[in-house]
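Visitor:
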Amino acid sequence: MRTQVAIIGAGPAGLLLARLLENAGIDVLVLERRAPDYVLGRIRAGVLEQGTVDLVEQAGVAARMRAEGLPHEGIELQFDGDPLRIDLRQRSGGKQVLVYGQTELTRDLMQARAEAGTASVYEAEDVTLADFDTAHPRVTYRHGGATHAVECDFIAGCDGFHGVARASVPARAIELFERVYPFGWLGVMADVPPVRDELIYAHHARGFALCSMRSRTRVRCYVQCPLDTDIADWSDARFWDELRSRLDPSVAEAMRTGPSIEKSVAPLRSFVAEPLRFGRLFLAGDAAHIVPPTGAKGLNLAASDVRYLAEALVGHYRDKSDAGLDGYSARALARIWKAERFSWWMTKLLHSFPEDGAFDRRVQRAEFDYLAGSAAAQTALAENYVGLPV
Ligand code: RFL
Ligand code: PHB
Numbered sequence: 004m005r006t007q008v009a010i011i012g013a014g015p016a017g018l019l020l021a022r023l024l025e026n027a028g029i030d031v032l033v034l035e036r037r038a039p040d041y042v043l044g045r046i047r048a049g050v051l052e053q054g055t056v057d058l059v060e061q062a063g064v065a066a067r068m069r070a071e072g073l074p075h076e077g078i079e080l081q082f083d084g085d086p087l088r089i090d091l092r093q094r095s096g097g098k099q100v101l102v103y104g105q106t107e108l109t110r111d112l113m114q115a116r117a118e119a120g121t122a123s124v125y126e127a128e129d130v131t132l133a134d135f136d137t138a139h140p141r142v143t144y145r146h147g148g149a150t151h152a153v154e155c156d157f158i159a160g161c162d163g164f165h166g167v168a169r170a171s172v173p174a175r176a177i178e179l180f181e182r183v184y185p186f187g188w189l190g191v192m193a194d195v196p197p198v199r200d201e202l203i204y205a206h207h208a209r210g211f212a213l214c215s216m217r218s219r220t221r222v223r224c225y226v227q228c229p230l231d232t233d234i235a236d237w238s239d240a241r242f243w244d245e246l247r248s249r250l251d252p253s254v255a256e257a258m259r260t261g262p263s264i265e266k267s268v269a270p271l272r273s274f275v276a277e278p279l280r281f282g283r284l285f286l287a288g289d290a291a292h293i294v295p296p297t298g299a300k301g302l303n304l305a306a307s308d309v310r311y312l313a314e315a316l317v318g319h320y321r322d323k324s325d326a327g328l329d330g331y332s333a334r335a336l337a338r339i340w341k342a343e344r345f346s347w348w349m350t351k352l353l354h355s356f357p358e359d360g361a362f363d364r365r366v367q368r369a370e371f372d373y374l375a376g377s378a379a380a381q382t383a384l385a386e387n388y389v390g391l392p393v
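For reference, each letter of the sequence shown is one residue, going 4 to 393 in this note's numbering.
(1) Would Ala21 pass as a contact of Arg116 if the rule is Cβ separation under 8 Å?
(2) Determine, using beta carbons only, whether Cys161 and Ala16 come nearer to each other than 8 Å.
(3) Locate the beta strand (DSSP E) running through Ile386, then write down its first and last residues.
(4) State the DSSP-derived secondary structure class of Met216, mapped to helix, strand or coil.
(5) Per DSSP, which residues does Trp188 bridge with? Please list them.
(6) Applying the 10 Å Cβ sphere with the 16-neighbour rule, what's the burial state of Pro74?
(7) For Phe211, is the classification buried or exposed, using 16 other Cβ atoms within 10 angstroms of its Cβ as the cut-off for buried?
(8) Cβ-heavy atom distance between Thr297 and the ligand PHB below 7 Å?
(9) Going by beta carbon distance, what residues of the same chain come within less than 8 Å of Ala234, once the five residues before and after it are set aside?
(10) Measure from the alpha carbon of Gly120 to the alpha carbon of each residue in Pro392, Asp30 and Ala315, then state which is nearest.
(11) Who are the Cβ neighbours of Val8 in its own chain at under 7 Å, not counting the five residues just before and after it?
(12) In whole angstroms, give me the CA-to-CA distance for Val100 and Asp289.
(13) Near Lys341, which residues of its chain fall below 6 Å by C-beta distance, leaving aside the five closest residues on each side in sequence?
(14) If Thr131 and Val142 are in contact, beta carbons under 8 Å, what's the gap, nearest whole angstrom?
(15) Roughly how far, in whole angstroms, is the beta-carbon of Ile293 from the beta-carbon of Phe281, given that I think they are within contact range, below 8 Å?
(16) For Met4, count neighbouring C-beta atoms within 10 Å of its own C-beta (all shown protein chains included) and say buried if the count is 16 or more, exposed if not.
(17) When you measure from the CB of Asp162 to every non-hydrogen atom of the ligand RFL, does any distance come out below 7 Å?
(18) Select from Tyr204, Val42, His139 and Arg92 the residue whose C-alpha is nearest the C-alpha of Val126.
(19) Compare the C-alpha of Ala205 against each of Arg88, Phe164, Gln53 and Ala27 and name the closest.
(20) According to the Cβ coordinates, are Leu51 and Leu112 closer than 8 Å?
(21) Quickly, what does DSSP pair Val393 with across the bridge? List them, please.
(22) Taking the continuous beta strand (DSSP E) assigned at Asp90, which residues delimit it?
(23) How many angstroms separate the CA atom of Phe356 from the CA atom of Asp85?
(24) What first and last residue would you give for the beta strand (DSSP E) that runs through Ala159?
(25) Let me know the secondary structure DSSP gives Gln81 once reduced to three states.
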């Protein structure tokens with residue numbers, strides 16, 4: 004079998020890249036380890052930057068997102084009960100974000116490819132990358148009991164943090180930067196109306212809490228939790244009580260609760276691999292970097308990588324120019340590190356760190372007070388939250 008670009012992973016990064024390349028007449032093959040239902044069952048991000056929305060429009064899969072996505076012009080922060088609204092629109096020169104679930108975006112991308120007759124290979128086992136340091140990369144995989152070999156021009160590693168693409172690179176060729184946080188987020192999804200029209204990010208001595216949403220009838224809420232948290236110990240009632248205890252009493256009282264339809268724990272991590280190109284293998288999305296979810300940047304960074312990589316590959320095939328491919332790693336990393344910084348900063352501002360002493364807690368409070376009193380600080384938060392330029 005032969006294709007132009009073999010894409011490993013059918014998460015949002017892989018599917019969006021496939022769609023953009025196919026729109027430009029480039030032949031792709033998408034290989035995904037899991038089944039479609041498994042991919043759609045993973046509840047993850049919910050906030051799209053304008054740049055991500057624009058890319059989804061460009062990919063021609065924006066109809067449902069446009070109809071059902073909720074535009075948000077601000078977010079609310081709470082620090083030990085003290086509220087601070089950040090007017091994203093006013094502070095960022097008219098920009099906003101769109102609340103639309105990663106699951107829904109993935110579903111739209113899957114459907115668009117199926118309608119175009121360009122289905123992905125799901126449940127592809129033992130995907131193996133070879134010869135990407137030559138002009139003739141190869142990918143092999145097992146599917147339906149048979150082994151398949153694919154010859155291609157390029158491989159795009161869009162297979163997430165635990166994928167095979169980054170792991171195929173010799174250790175001497177790659178540098179890894181990592182910070183693991185000493186806590187995770189316990190998340191619950193439930194079909195009740197959100198307590199407020201905007202997201203609430205709360206710092207509390209008991210730990211961070213976030214009230215987010217997926218629609219006007221569905222909430223997604225999180226509480227900071229220890230890394231060894233077992234969801235079996237967390238009844239719905241215990242989760243809602245804990246969430247309420249970390250919020251301003253007026254919000255806690257007004258909050259509607261209901262049975263969870265999903266509950267999971269995610270560890271928090273900051274991670275970057277450098278570079279993002281190894282001969283004819285390119286990494287994009289979570290395969291290349293992880294951010295803690297506090298700044299809502301994970302999916303958006305995956306989208307900006309994909310934008311740069313799609314432009315570079317189109318440049319190669321259509322314009323016979325490799326400038327984009329040669330510049331991909333540096334261009335993507337420049338944006339990635341700024342999002343890493345912001346996500347780390349927002350995590351530090353809002354969480355309770357077990358190792359922190361009285362001094363650190365005073366500095367954290369001062370950071371919030373500075374933000375509350377400074378238009379410049381609010382502008383800095385807003386321009387990062389809505390997304391730095393691509
Ligand atoms: P994904 O979504 O992980 O997709 C990678 C795909 O590759 C497949 N795969 C393989 N396929 C073939 N062969 C192999 N050997 C393979 N190994 C893996 C996987 O099955 C999967 O389908 O990465 P992508 O496309 O780069 O997208 C990135 C986003 O998913 C990610 O940045 C965000 O979801 C991060 N993230 C969150 N971001 C936010 O902004 N807000 C959140 O609330 C939020 N919650 C989360 C998250 C990430 C989580 N992970 C990765 C543990 C919650 C969790 C639990
Ligand atoms: C979510 O809705 O899942 C969500 C929203 C904002 C974040 C993280 C997660 O910062």
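Note that beta-carbon positions come from the ideal geometry of N, C-alpha and C, so glycine has one too.
Since the model is a prediction, treat every value here as computed from it, not as a measurement.
Guide: This is what the structure holds:
(1) The residue given as residue 21 occupies position 18 in the sequence shown. The residue given as residue 116 occupies position 113 in the sequence shown. Their beta carbons are under 8 Å apart, which means Ala21 touches Arg116 by this criterion.
(2) In the sequence shown, the residue the question calls residue 161 occupies position 158. In the sequence shown, the residue the question calls residue 16 occupies position 13. Against a cut-off of 8 Å, the Cβ pair of Ala16 and Cys161 comes out as a contact.
(3) Residue mapping note: residue 386 aligns to position 383 of the sequence shown, counting from 1. The sequence as given places Glu at residue 386; Ile does not occur at that position. For Glu386, there is no enclosing beta strand (DSSP E); the enclosing alpha helix (DSSP H) covers residues Ala378 to Tyr388.
(4) Against the sequence shown, residue 216 aligns to sequence position 213. Strand, per DSSP.
(5) Within the sequence shown, numbered from 1, the residue matching residue 188 stands at position 185. Beta-bridge pairing links Trp188 to Gln227 and Ala269.
(6) Within the sequence shown, numbered from 1, the residue matching residue 74 stands at position 71. By the beta-carbon neighbour count (other beta carbons within 10 angstroms, threshold 16), Pro74 is exposed.
(7) Against the sequence shown, residue 211 aligns to sequence position 208. By the Cβ-count criterion, Phe211 is buried, with 16 or more other Cβ atoms from all chains shown falling within 10 Å of its own Cβ.
(8) If you number the sequence shown from 1, residue 297 lands on position 294. Distances between the C-beta of Thr297 and the heavy atoms of the ligand PHB include at least one below 7 Å.
(9) The residue labelled residue 234 in the question sits at position 231 within the sequence shown. According to the sequence displayed, residue 234 carries Ile and not Ala. Leu189, Lys266, Ser267 and Val268.
(10) Residue numbering aside, residue 120 sits at position 117 when the sequence shown is read from its first letter. The option with the nearest alpha carbon to Gly120 is Asp30.
(11) Indexing the sequence shown from 1 puts residue 8 at position 5. Within the same chain, Val8 has close Cβ partners Leu24, Ile29, Val31, Cys155, Asp156, Phe157, Ala159 and Leu316.
(12) Here the question's residue 100 lines up with position 97 in the sequence shown. Here the question's residue 289 lines up with position 286 in the sequence shown. Going by the C-alpha atoms only, they are around 21 Å apart.
(13) For the purposes of this step, residue 341 is taken as the residue at position 338 of the sequence shown. Excluding the 5 residues flanking it on each side, Lys341 has same chain C-beta neighbours closer than 6 Å at Leu391, in chain order.
(14) Residue numbering aside, residue 131 sits at position 128 when the sequence shown is read from its first letter. Residue numbering aside, residue 142 sits at position 139 when the sequence shown is read from its first letter. At roughly 7 Å, the Cβ-Cβ gap stays under 8 Å, so Thr131 and Val142 are in contact.
(15) Residue numbering aside, residue 293 sits at position 290 when the sequence shown is read from its first letter. Residue numbering aside, residue 281 sits at position 278 when the sequence shown is read from its first letter. 19 Å between Cβ atoms; not a contact.
(16) Residue 4 sits at position 1 when you count from the first residue of the sequence shown. Exposed: under 16 other Cβ atoms inside 10 Å.
(17) Here residue 162 refers to the residue found at position 159 of the sequence shown. In this structure, the C-beta of Asp162 approaches the ligand RFL to less than 7 Å from one of its heavy atoms.
(18) If you number the sequence shown from 1, residue 126 lands on position 123. The question names Val, but residue 126 is Glu in the sequence shown. The residue with the shortest Cα to Cα distance from Glu126 is Val42.
(19) Position 202 of the sequence shown holds residue 205. Considering only alpha carbons, the answer is Arg88.
(20) Indexing the sequence shown from 1 puts residue 51 at position 48. Indexing the sequence shown from 1 puts residue 112 at position 109. It is not a contact, given that the beta carbons lie outside the stated cut-off.
(21) The residue given as residue 393 occupies position 390 in the sequence shown. According to DSSP, which records beta bridges pairwise, Val393 is partnered with nothing at all.
(22) Position 87 of the sequence shown, counted from the start, is the residue given in the question as residue 90. Boundaries of the beta strand (DSSP E) harbouring Asp90: Asp85 to Asp90, taken from the DSSP string.
(23) Within the sequence shown, the letter at position 353 stands for residue 356. Within the sequence shown, the letter at position 82 stands for residue 85. Each residue's Cα considered, the two are about 20 Å apart.
(24) Your numbering for residue 159 matches position 156 in the sequence shown. Unbroken beta strand (DSSP E) run through Ala159: Phe157 to Gly160.
(25) Reading the sequence shown from its first residue, position 78 is the one you call residue 81. Residue state, collapsed to three classes: strand.
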